[in-house]
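Notes to accompany the following structure.
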Amino acid sequence: MELQLIQSKIYTLRSQQIMFDFDLAELYEVETRVLNQAVRRNLDIFPDDFMFQLSKKEWESMSSHFVMTYPAKRPKAAIPLAFTEHGVTMLANVLKSKKARLTSVAIVRAFIALKQFALNYQELAEQLKELENLYNKQFKDVYEAINYLLQKDKQQIEQGERKKIGFKTKKNTD
Numbered sequence: 000m001e002l003q004l005i006q007s008k009i010y011t012l013r014s015q016q017i018m019f020d021f022d023l024a025e026l027y028e029v030e031t032r033v034l035n036q037a038v039r040r041n042l043d044i045f046p047d048d049f050m051f052q053l054s055k056k057e058w059e060s061m062s063s064h065f066v067m068t069y070p071a072k073r074p075k076a077a078i079p080l081a082f083t084e085h086g087v088t089m090l091a092n093v094l095k096s097k098k099a100r101l102t103s104v105a106i107v108r109a110f111i112a113l114k115q116f117a118l119n120y121q122e123l124a125e126q127l128k129e130l131e132n133l134y135n136k137q138f139k140d141v142y143e144a145i146n147y148l149l150q151k152d153k154q155q156i157e158q159g160e161r162k163k164i165g166f167k168t169k170k171n172t173d
C-alpha cells in the first residue's frame, strides 16, 4: 500500500493525528457501515483516546477542507468517527482479515513516518534557532561596537577634540 496515499488521509484534529472511518473503510476495502458496526460491537477496545465521534462543528470545519469524492458512502448528515493511531491498530483486531492486518501495518508505518518527519523538522527548526541566536549575538556585538565608536566620535566633534583625517601637505611659500 502506498505510504503517500495513507499519509494524505491523516489529519490533525484536537491536537491528534487521526483518520476518518470512511477513509479507513476505503483502505480496508470494506463499507463504512461494516467498519462502524464492527467497532460498535467492540467499543470496549476503543476508548476515547483511540476513537471519538466528531462534533457537528468539527465535521463542518473539516469537510470544508477537502472534497468528498464519494458522498454516497458518507451522507452529509452522518458525522464520521475519528481514529487515532492506536485506534487504527485496534481495527485489525476487529476486522480480523488478512487484508485488515496488512493494511494496519501500512497505516502504522505511515503514522511513524509522519512522526519521524515531525521530529526531523523540529530538530532542524531548533538548529536554525540556535544559529540565529548565535549570529544575532555576534551581530549585536558588532552593532554595539559601531555605536560606541559613533558616539565617541560625536562627543569628540562636539568638544572640538577630533583630529582631522587625511594627508597633510606643506604649502609652497616660494
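Taking numbering that gives the first Met the number 0 as reference, the numbering of the sequence shown is continuous, increasing by one, and the terminal residue is 173. From the three backbone atoms N, C-alpha and C, an ideal C-beta is built for every residue, glycine too.
Cβ shell of residue i (< 7 Å), same chain only, five flanking positions each side left out
i: E176; result: Limits of the chain in this structure are 0 at one end and 173 at the other, which puts residue 176 out of reach.
i: L148; result: none
i: F45; result: V38, G86 and M89
i: R13; result: none
Beta-carbon proximity of residue i to residue j, cut-off 8 Å
i: F82; j: M50; result: yes
i: L23; j: V87; result: yes
i: A91; j: R100; result: yes
i: D48; j: H85; result: yes
For residue j and residue i, the rounded distance between their alpha carbons
i: I78; j: D20; result: 10 Å
i: V93; j: A37; result: 6 Å
i: L53; j: T31; result: 16 Å
i: N132; j: K114; result: 27 Å
i: A144; j: Q158; result: 21 Å
i: E122; j: I111; result: 16 Å
i: Q15; j: I9; result: 10 Å
i: K153; j: A124; result: 42 Å
i: S96; j: M89; result: 13 Å
i: Q186; j: K169; result: What is shown of the chain runs 0 to 173, which leaves residue 186 out entirely.
i: V141; j: Q150; result: 14 Å
i: N146; j: Y134; result: 18 Å
i: F116; j: S7; result: 14 Å
Residues of its chain near residue i, where Cβ-Cβ distance is below 6 Å and the 5 sequence neighbours each way are ignored
i: N175; result: Residue 175 lies beyond the residue range present for the chain, which begins at 0 and ends at 173; the question has no answer from this structure.
Close Cβ partners of residue i (< 8 Å) along its chain, the five nearest in sequence each way excluded
i: K128; result: none
i: L2; result: A105, R108, A109 and A112
i: W58; result: I78 and P79
i: Y11; result: Looking at the sequence shown, residue 11 is not Tyr but Thr. Cβ within range, chain order: I17.
i: K55; result: I78
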